[in-house]
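Quick mapping for you: the protein sequence lines, in order, are chains A and B.
Here the first sequence stands for residues 11 to 95, numbered as in our numbering.
Here the second sequence stands for residues 197 to 553, numbered as in our numbering.
Ideal Cβ positions, reconstructed from N, Cα and C, are used throughout, including at glycine.
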Amino acid sequence: MIIERTVVSLVEVTPNGTIQIRLANQILDGETVKAQTFQRYCLAPGSDLTGQPDQVVAIANAVWTPEVIATYEAQVAANQNPIGA
Amino acid sequence: MSWNIQTPGDYINGPLTVVGAATFQNDLSLTGNENYVYLFSNYSIGSNSRVRFRAVGSGGGSGYGGDFRISTRAPNNVWNTDAFILDSAANVGLGTSPAQKLDVVSTAACVVRVRGGNGANQGAAFYVSNTAGTNTLAAFGDSGNMIGGTVDLTGMVYTGTGIPLAFYVNSAERLRLNINGALVLQGGNTAANGIGVAFPAAQSASTDANTLDDYEEGTWTPTFTFTTPGTLAVAYADRVGTYTKVGRVVTVRFHVTIAPGNLVKGTANGQLQITGLPFAVSVAGTQYFDLAASLADQSSGSLVLGYPHGGSSLIYFERLSVSGSRVIRDNGAITDANFASTNAGFISIQAVVTYQV
């Protein structure tokens with residue numbers, strides 16, 4: 011039977027705490043993946059985790075310490091508008 | 197026939213000596229306690245060449261199990277004892293008691309050579325298959341027409357229908373040619389279609405500057421927002437994002453269109469952003485890249501410059517101005533202040549951006 015599903019196929023954490031999530035949109039015949047495409051998004055430290063997959067929430071809660079979030083926010087502020095006003 | 201009965205112990209002068217050709221019209225049985233049968237020749241090089249063979253009991257319930265073993269004699273008169281063994285299970289050993297159907301052992305260099313003729317359909321080949329002749333792996337030294345082709349090949353490795361070719365290195369599969377012809381690196385999709393290189397599903401990063409270690413294609417969802425979204429409300433007429441990652445370089449293409457009346461700023465404030473990039477931008481230095489963008493219905497003018505934000509997964513926008521014959525950066529961010537509370541015209545951003553991760 012052919013079914014279609016979306017699964018979390020990869021979760022990566024960058025050095026600054028950004029979580030990169032890859033979803034796989036799969037077409038399966040039984041247990042065999044006949045075709046799949048990827049969709050990605052990122053979550054910055056401190057992002058709202060509402061609606062995120064459980065494993066992403068677990069990783070975020072483990073990685074996003076107050077220090078990581080503070081460092082990230084400082085980095086964002088430092089890099090904002092690098093052209094200069 | 198002459199009978200020569202002497203004291204046993206000499207190879208030549210046994211109790212029975214037959215001089216001249218002899219014919220045995222029925223079975224010839226030689227019985228002993230795993231003793232040898234010797235063959236002597238004084239023909240060709242040397243005058244006293246020797247080999248010997250014997251049956252060696254292999255045990256078993258019947259007591260009839262036996263190996264056939266041949267020993268040869270080296271030029272220094274040392275016996276290569278049991279150099280050839282055809283054991284009771286029909287396994288063949290060269291230099292060893294066979295543990296496999298064909299077992300070849302040497303304490304020196306050990307080479308198995310297969311040589312064919314020089315003409316068409318005479319090439320050397322090595323075939324491995326099941327008894328049905330399927331699940332075949334073959335190596336040809338020559339002649340593609342041996343397998344039904346029409347052109348001789350210099351060399352070829354062949355597999356049968358439905359059989360991929362995998363390469364194991366250091367006890368693990370490192371490379372595979374799948375049945376579609378795709379080259380699958382370790383961890384790649386073994387069922388990948390098309391002709392190409394299938395990289396691992398998860399990147400195995402290399403620090404070697406000359407190693408391409410990743411490739412991936414996919415989609416992402418660009419989001420039109422501001423630094424602080426607040427009560428921002430956006431409805432998209434068009435919203436598409438794709439990406440291609442090659443090594444550490446990502447190229448994204450996206451298109452966002454908002455129809456009149458579908459951008460309500462509310463309490464949003466700060467810099468305009470496109471968020472949702474598929475990979476975080478490298479934090480190593482400021483990420484300036486060319487951005488082809490068209491941003492309409494905002495008060496800063498139609499010329500903008502964008503840059504993926506280092507360490508984040510978003511794109512910021514800057515104003516560009518025309519000064520005489522030049523286009524210049526005027527060092528101003530595009531912010532919520534450049535947009536009406538509710539947009540009266542179409543807002544469209546379309547860009548192709550390449551950045552480093």
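At a CB-CB cut-off below 9 Å, which residues of chain A make contact with residue i?
i: B:Pro474; result: Gln30, Arg32, Phe48, Gln49, Arg50, Tyr51, Cys52
i: B:Tyr551; result: Going along chain A, no residue has its Cβ under 9 Å from B:Tyr551, so there is no contact; the nearest lies around 13 Å.
i: B:Glu369; result: Residues of chain A passing the Cβ test: none, with the nearest at roughly 19 Å.
Does the beta-carbon of residue i have 16 or more other beta-carbons within 10 angstroms, so that it is buried, or is it exposed?
i: B:Ser572; result: Shown here, chain B extends from 197 to 553; a query on residue 572 of chain B therefore has no answer.
i: A:Lys44; result: exposed
i: A:Gly61; result: exposed
i: B:Ile543; result: buried
i: B:Gly315; result: exposed
i: A:Ala84; result: exposed
i: B:Val479; result: buried
i: B:Lys441; result: buried
i: B:Tyr260; result: exposed
i: B:Asn539; result: buried
i: B:Pro271; result: exposed
i: A:Arg32; result: buried
i: B:Leu501; result: buried
i: B:Ile545; result: buried
i: B:Pro456; result: exposed
With a Cβ-Cβ cutoff of 9 Å, do residue i and residue j count as a contact?
i: B:Asn465; j: B:Thr423; result: yes
i: B:Thr427; j: B:Val460; result: yes
i: B:Arg246; j: B:Arg269; result: yes
i: B:Gly383; j: B:Ala398; result: yes
i: B:Leu468; j: B:Ile530; result: yes
i: A:Phe48; j: A:Ala34; result: yes
i: B:Ile391; j: B:Asn376; result: yes
i: B:Ala394; j: B:Leu381; result: yes
i: B:Ala161; j: B:Phe322; result: This structure cannot speak to residue 161 of chain B, because chain B is shown only from 197 to 553.
i: B:Thr421; j: B:Ile470; result: yes
i: B:Val548; j: B:Arg435; result: no
Anything in chain A within Cβ reach of residue i, meaning under 7 Å, just list it in chain order.
i: B:Ser517; result: Those within 7 Å of B:Ser517 in chain A number zero; the least Cβ separation is about 12 Å.
i: B:Thr417; result: Tyr51
Note down, in chain order, every chain B residue with its Cβ under 8 Å from the Cβ of residue i.
i: A:Asn20; result: Residue identity differs from the one stated: residue 20 of chain A is Leu in this sequence, not Asn. The contacting residues are Ala397, Ala398.
i: A:Thr75; result: By Cβ distance, chain B contributes nothing, its closest Cβ being about 17 Å from A:Thr75, past 8 Å.
i: A:Asn26; result: Ala476, Val479, Gly507
Helix, strand or coil: which one does DSSP assign to residue i?
i: A:Glu77; result: helix
i: B:Pro456; result: coil
i: A:Val86; result: helix
i: A:Val23; result: strand
i: B:Asp299; result: strand
i: B:Asn527; result: strand
i: B:Asp532; result: helix
i: A:Ala54; result: coil
i: B:Ala433; result: coil
i: A:Asn35; result: strand
i: B:Val214; result: coil
i: A:Val111; result: The first residue shown for chain A is 11 and the last is 95, placing residue 111 of chain A beyond what the model contains.
i: B:Gly340; result: Residue confidence is low: B:Gly340 scores 49 on pLDDT, short of 50, so the model does not pin down where it sits. Its coordinate-derived value is still stated next. In the structure shown, B:Gly340 sits in a helix (DSSP, three-state: H, G or I).
i: B:Ala387; result: coil
Please determine, among the options, the residue with the shortest C-alpha to C-alpha distance to residue i.
i: B:Val553; options: B:Gly506, B:Ser537, B:Arg250, B:Arg435; result: B:Gly506
i: A:Ile37; options: A:Ile29, A:Gln30, A:Gln46, A:Thr60; result: A:Gln46
i: A:Asp64; options: A:Glu14, A:Val18, A:Ile12, A:Met11; result: A:Val18
i: B:Ser258; options: B:His451, B:Phe236, B:Ser284, B:Ala335; result: B:Ser284
i: B:Trp416; options: B:Asn389, B:Asn244, B:Leu361, B:Leu473; result: B:Leu473
i: A:Pro55; options: A:Thr42, A:Asn71, A:Asn89; result: A:Asn71
i: A:Cys52; options: B:Thr355, B:Val477, B:Tyr323; result: B:Val477
i: B:Val215; options: B:Val445, B:Leu298, B:Gln221, B:Phe236; result: B:Phe236
Along chain A, in chain order, which residues have C-beta atoms closer than 8 Å to that of residue i?
i: B:Gly414; result: Arg32, Thr47, Phe48, Gln49, Arg50
i: B:Tyr439; result: Arg50
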